[in-house]
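Peer 1: Chains as they are written, first to last, in our numbering: chain L, 11 to 308; chain Z, 11 to 308.
Protein chains: 2
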Amino acid sequence: MSRYSRLEPTQRYLFAFALAQGGEFAFVLCSFATQNGVFTSDMANLLVVTVALTMAAAPILMTINERLVQPRFASVLPEREPDEIEERDNPVLVAGVGRFGHIVARLLRLNGYGTTVLDHDAEQVETLGRYGIKSYYGDATRLDLLQTAGAERAKLFVITIDQEEQALKIVDLIHEHFPQLRILARATSRQHAYELLRRGVQHVYRETFASAVDLSVDALVALGLPKHRAQRAAQLFREHEDASVREMAQLDTEDMKGYVSMARLHIANLENALASDKDVFQHSADAARDAGADASAS
Amino acid sequence: MSRYSRLEPTQRYLFAFALAQGGEFAFVLCSFATQNGVFTSDMANLLVVTVALTMAAAPILMTINERLVQPRFASVLPEREPDEIEERDNPVLVAGVGRFGHIVARLLRLNGYGTTVLDHDAEQVETLGRYGIKSYYGDATRLDLLQTAGAERAKLFVITIDQEEQALKIVDLIHEHFPQLRILARATSRQHAYELLRRGVQHVYRETFASAVDLSVDALVALGLPKHRAQRAAQLFREHEDASVREMAQLDTEDMKGYVSMARLHIANLENALASDKDVFQHSADAARDAGADASAS
């Protein structure tokens with residue numbers, strides 16, 4: 011019924027389910043009709059039961075509409091027009107101005123590199139604007155928008171959004187239309203890092219990895235390890251992990267057993283690498299001490 | 011009905027809603043009863059309508075059960091007993107073995123520091139175990155579990171879980187019962203970092219901050235900035251951001267206007283700091299070049 015009136019698709023469902031609530035009036039109408047002999051009492055009984063059950067179903071249907079039907083429409087709602095992009099010759103484009111992207115934008119701008127930032131969250135764009143961090147409202151998966159932003163002339167494209175699929179979509183778009191752009195991308199997980207690497211993205215940053223390493227270095231120092239030793243261990247760990255992620259990205263994802271045994275091997279290798287590094291480290295420290303002892307003896 | 015049988019609470023709802031599906035049999039029963047004069051046709055009609063509507067409602071009720079009712083029970087389901095903790099004298103306890111926590115555990119263990127890890131996600135504990143990374147299933151917000159894990163004798167407590175409230179709860183628990191423990195904590199957002207700092211946690215790591223800085227350094231180098239310059243800029247940025255977060259944590263959270271103007275001020279200050287650092291840097295580079303020129307002239 012609502013299909014033929016001029017309701018938005020999302021309102022149609024609300025309307026359809028709300029019809030069920032018109033039932034109360036039917037009770038009144040029904041008892042009135044029976045008293046006047048329009049309905050037989052059989053028919054009236056039938057109607058009353060139907061109406062009662064429909065009414066009982068109404069709140070349930072409303073809940074279903076709210077929780078299950080409406081969310082599906084969220085993505086097809088008419089969108090606001092993207093902001094007009096004033097900067098068109100910046101060497102860097104950034105997708106996303108969230109907690110990850112705004113740090114990148116600030117650091118690059120502070121060093122004098124023009125950086126154009128797009129984000130599809132209008133509220134976030136507005137909020138960051140209040141802090142003096144400029145970005146444009148717009149969907150970075152749209153080719154026309156990237157063209158307007160000067161993707162043909164830029165050098166770097168930085169992907170910092172946290173939706174994995176969208177990030178991969180942008181990668182494909184750039185590879186197809188702007189092959190000169192170098193991509194640096196945030197990965198939300200190890201699996202996502204694999205996907206990015208398999209698509210040929212060379213610069214991939216697992217989003218919580220570096221902070222976890224930073225924390226570990228401070229923990230090691232708090233436990234009594236000299237700072238340079240802690241930093242050296244972290245450096246080795248980073249290099250090893252980076253190589254491991256790159257290698258494992260090439261594995262067959264279906265072969266879970268092979269994957270697990272490769273991961274175990276990498277972890278064991280790292281243990282050996284750190285242990286032998288410690289020996290070398292210890293050895294050179296001893297040598298230095300001995301040299302000092304020799305010098306004072308002479 | 012199901013309340014009196016021995017069904018688990020979650021199964022009761024499934025059972026109650028499934029009863030609605032028993033209706034098909036009622037049709038058969040009903041027409042049989044009418045033919046044998048047990049029901050009048052009025053009664054039969056009424057019953058048929060009731061049954062038909064109940065049947066129509068059944069799939070809807072099943073969906074509601076699955077989507078809305080069952081999830082509410084997820085948190086009250088009888089919990090598996092926590093794993094028995096075998097290590098009780100480790101210097102480090104870690105809450106959480108996700109993508110953040112397992113990095114910390116690995117780096118500390120690789121350097122020879124015994125690290126006991128607790129996680130309330132049994133599946134994650136199992137998965138990491140397959141890669142040779144040991145952790146215990148258990149809720150780190152439980153005082154008795156922390157005691158068993160040796161919190162009285164440990165030196166550090168590392169919080170790496172991503173639920174903000176739970177993380178704060180652990181902080182309070184530790185401050186009350188194990189004041190000797192130094193806490194290092196992952197923060198999921200700037201606001202969460204403020205909360206942790208206000209509670210007196212000195213070591214706070216915003217989870218995506220360091221990776222964003224890492225990416226920025228590589229971007230700066232790709233744009234042509236010498237590596238040491240990029241690293242120096244990142245270092246200044248980190249120090250400045252750290253001081254800024256600590257200072258802003260003390261601000262009145264209700265005073266949004268004061269907050270925004272303070273944030274703008276910090277951002278502007280950083281710009282000046284980097285600019286003057288660049289001058290100093292440039293100056294010393296020039297001085298070095300001049301010195302070299304002098305040396306070659308002499």
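Every residue gets a Cβ at the ideal spot worked out from N, C-alpha and C, and that includes glycine.
(1) Between the C-alpha atoms of L/Gly357 and Z/Leu178, what's the straight-line distance to the nearest angstrom?
(2) By Cβ distance below 7 Å, which residues in the same chain neighbour Z/Gly32 in space, the five residues on each side in sequence not counted?
(3) For L/Gly148, count the other beta carbons within 10 Å of its own beta carbon; 16 or more makes it buried, fewer makes it exposed. Which is it?
(4) Tell me, to the nearest whole angstrom, how far the beta carbon of L/Pro101 is from that of L/Leu155; I am working on the premise that it is less than 8 Å.
(5) Residue range of the alpha helix (DSSP H) that Z/Thr158 falls in?
(6) Please check if any C-beta of chain Z sits within less than 7 Å of the C-beta of L/Gly188.
(7) Any chance the segment 115–123 of chain Z sits against the segment 221–239 of chain L, with 3 or more Cβ pairs inside 8 Å?
(8) If you check the beta carbons only, do L/Leu166 and Z/Ala229 fall under 7 Å apart?
(9) Under 7 Å, Cβ to Cβ, is there at least one residue of chain L near Z/Asn282?
(10) Closest to Z/Leu280 by CA distance: which of L/Arg116, L/Thr50, L/Ala222 and L/His112 is it?
(11) Where does the unbroken alpha helix (DSSP H) through L/His185 begin, and where does it stop?
(12) Per the contact definition of three or more C-beta pairs closer than 8 Å, is the segment 245–260 of chain L in contact with the segment 193–201 of chain Z?
(13) Is L/Ser51 buried or exposed, if buried means 16 or more other CB atoms sit within 10 Å of its CB?
(14) How is Z/Phe219 classed by DSSP in three states: helix, strand or coil?
(15) Using DSSP's beta-bridge definition, name the partner residues of L/Val168.
(16) Quick one: using the 10 Å Cβ neighbour count with 16 as the cut-off for buried, is Z/Leu275 buried or exposed?
(17) At the 7 Å Cβ level, is L/Phe167 part of the contact set with chain Z, yes or no?
(18) When DSSP labels each residue in this structure, what does L/Asp149 get in the three-state scheme?
(19) In the DSSP assignment, find the unbroken beta strand (DSSP E) run with Z/Val127 in it and report its ends.
(20) Grab me the residues of L/Leu261's own chain with a C-beta within less than 7 Å of its C-beta, minus the 5 sequence neighbours each way, in chain order.
(21) Taking the alpha-carbon positions, what's the L/Gln134 to L/Gly108 distance?
(22) Which of the residues in the segment 196–218 of chain Z, read from start to end, lie with their CB under 8 Å from any CB of chain L?
(23) Quick one: which unbroken beta strand (DSSP E) runs of 3-plus residues sit fully inside the segment 229–280 of chain L? Chain order, please.
(24) Helix or strand or just coil, what does DSSP make of Z/Val114?
(25) Under 7 Å between C-beta atoms, does Z/Ile113 make it to chain B?
(26) Cα separation between L/Ala285 and L/Glu251?
(27) Z/Leu194 touches chain L at which residues, Cβ-Cβ below 8 Å?
(28) Report the three-state DSSP secondary structure of Z/Val211 (helix, strand or coil).
(29) Between Z/Ser145 and Z/Ala159, what straight-line distance do the alpha-carbon atoms span, to the nearest angstrom?
(30) Helix, strand or coil for Z/Glu136? Go by DSSP, reduced to three states.
(31) Return yes when the C-beta of Z/Ser221 is under 6 Å from any heavy atom of the ligand MG, and no when it is not.
(32) Counting C-beta neighbours from all protein chains within 10 Å, is the total for L/Thr263 16 or more, i.e. buried, or is it exposed?
(33) Are L/Ile180 and L/Leu191 closer than 7 Å when you measure CB to CB?
(34) Look up Z/Asp52 in the DSSP assignment and say whether it is helix, strand or coil.
(35) Does any C-beta atom of chain L lie closer than 7 Å to the C-beta of Z/Leu138?
Peer 2: If we stick to the structure as given:
(1) Residue 357 of chain L falls outside the range modelled here, since chain L spans only 11 to 308, and no answer is possible.
(2) Here the question's residue 32 of chain Z lines up with position 22 in the second sequence. Because the pLDDT at Z/Gly32 is just 49, under 50, the model does not fix this residue reliably, and the value given afterwards should be weighed accordingly. Excluding sequence positions up to five before and after Z/Gly32, its CB lies less than 7 Å from no other CB in the same chain.
(3) Walking along the first sequence from the start, residue 148 of chain L turns up at place 138. It is buried - the Cβ of L/Gly148 has at least 16 other Cβ atoms within 10 Å.
(4) On the first sequence, position 91 is the one that residue 101 of chain L refers to. On the first sequence, position 145 is the one that residue 155 of chain L refers to. The C-beta separation of L/Pro101 from L/Leu155 comes to about 18 Å, leaving the pair out of contact by the 8 Å criterion.
(5) Residue numbering aside, residue 158 of chain Z sits at position 148 when the second sequence is read from its first letter. It spans Leu153 to Thr158 - the alpha helix (DSSP H) in which Z/Thr158 sits, taken as one unbroken run.
(6) For this step, residue 188 of chain L is matched to residue 178 along the first sequence. In the sequence under discussion, the amino acid at residue 188 of chain L is Phe, which differs from the Gly named in the question. L/Phe188 does not count as touching chain Z.
(7) With a cut-off of 8 Å, the segment 221–239 of chain L and the segment 115–123 of chain Z count as touching, because enough Cβ pairs lie within range.
(8) The count along the first sequence starts at 1 and reaches residue 166 of chain L at position 156. The count along the second sequence starts at 1 and reaches residue 229 of chain Z at position 219. A distance below 7 Å separates the beta carbons of L/Leu166 and Z/Ala229.
(9) As a first step, residue 282 of chain Z must be located in the second sequence, where it is residue number 272. Z/Asn282 does not count as touching chain L.
(10) The residue labelled residue 280 of chain Z in the question sits at position 270 within the second sequence. Between Z/Leu280 and the set L/Arg116, L/Thr50, L/Ala222 and L/His112, the nearest pair of CA atoms involves L/Arg116.
(11) On the first sequence, residue 185 of chain L is found 175 positions in, with the first residue counted as 1. From DSSP, the alpha helix (DSSP H) with L/His185 extends over Glu174 to His187.
(12) In this structure the segment 193–201 of chain Z does not touch the segment 245–260 of chain L; the number of beta carbon pairs closer than 8 Å is below three.
(13) Taking the first sequence and counting its residues from 1, one reaches residue 51 of chain L at position 41. Exposed.
(14) Here the question's residue 219 of chain Z lines up with position 209 in the second sequence. Correct three-state label for Z/Phe219: helix.
(15) One-based indexing of the first sequence puts residue 168 of chain L at position 158. L/Val168 is bridged to L/Val104 and L/Leu194.
(16) As a first step, residue 275 of chain Z is located in the second sequence; it is residue number 265 there, counting from the start. Answer is exposed; the Cβ neighbour count stays below 16.
(17) As a first step, residue 167 of chain L must be located in the first sequence, where it is residue number 157. So no, L/Phe167 is outside the interface.
(18) To locate residue 149 of chain L, count along the first sequence from 1; it is residue 139. Three-state result, L/Asp149: coil.
(19) Against the second sequence, residue 127 of chain Z aligns to sequence position 117. Where Z/Val127 is concerned, the enclosing beta strand (DSSP E) stretches over Thr125 to Asp129.
(20) Within the first sequence, the letter at position 251 stands for residue 261 of chain L. Same-chain partners within the cutoff: Gly268, Tyr269 and Met272.
(21) Position 124 of the first sequence, counted from the start, is the residue given in the question as residue 134 of chain L. Position 98 of the first sequence, counted from the start, is the residue given in the question as residue 108 of chain L. Taking the straight line from one Cα to the other gives about 7 Å.
(22) Of all residues in the segment 196–218 of chain Z, those with a C-beta nearer than 8 Å to a C-beta of chain L are Arg196, Ser199, Arg200, His213, Tyr215, Arg216, Glu217 and Thr218, reading in chain order.
(23) If we require 3 residues or more, the segment 229–280 of chain L turns out to have no beta strand (DSSP E) run fully inside it.
(24) Here the question's residue 114 of chain Z lines up with position 104 in the second sequence. Assigned with DSSP and collapsed to three states, Z/Val114 falls in helix.
(25) Looking for chain B here will not work: the only protein chains present are L and Z.
(26) Stepping through the first sequence from its first residue, residue 285 of chain L is reached at position 275. Stepping through the first sequence from its first residue, residue 251 of chain L is reached at position 241. Roughly 16 Å separates the two Cα atoms.
(27) Position 184 of the second sequence, counting from 1, holds the residue named residue 194 of chain Z. Taking a Cβ-Cβ threshold of 8 Å, the residues of chain L close to Z/Leu194 are Leu225, Asp228, Ala229 and Ala232, in chain order.
(28) Numbered from its first residue, the second sequence carries residue 211 of chain Z at position 201. Looking at Z/Val211 - three-state DSSP - the assignment turns out to be coil, as it is neither helix nor strand.
(29) Start at 1 with the first residue of the second sequence, and residue 145 of chain Z comes out as number 135. Start at 1 with the first residue of the second sequence, and residue 159 of chain Z comes out as number 149. When rounded, the separation of the alpha-carbon atoms in Z/Ser145 and Z/Ala159 is 12 Å.
(30) For the purposes of this step, residue 136 of chain Z is taken as residue 126 along the second sequence, with counting starting at 1. Under the three-state reduction of DSSP output, Z/Glu136 falls in the helix class.
(31) In the structure shown, the ligand MG is absent, as is every other ligand, since no ligand is present at all.
(32) By 1-based counting over the first sequence, the position of residue 263 of chain L is 253. Label assigned to L/Thr263: exposed.
(33) If you number the first sequence from 1, residue 180 of chain L lands on position 170. If you number the first sequence from 1, residue 191 of chain L lands on position 181. No, they are not a contact pair.
(34) Residue 52 of chain Z sits at position 42 when you count from the first residue of the second sequence. DSSP places Z/Asp52 in the helix class (H, G or I) of the three-state scheme.
(35) As a position in the second sequence, residue 138 of chain Z is number 128, starting the count at 1. Nearest CB-CB separation between Z/Leu138 and chain L: not below the 7 Å threshold.
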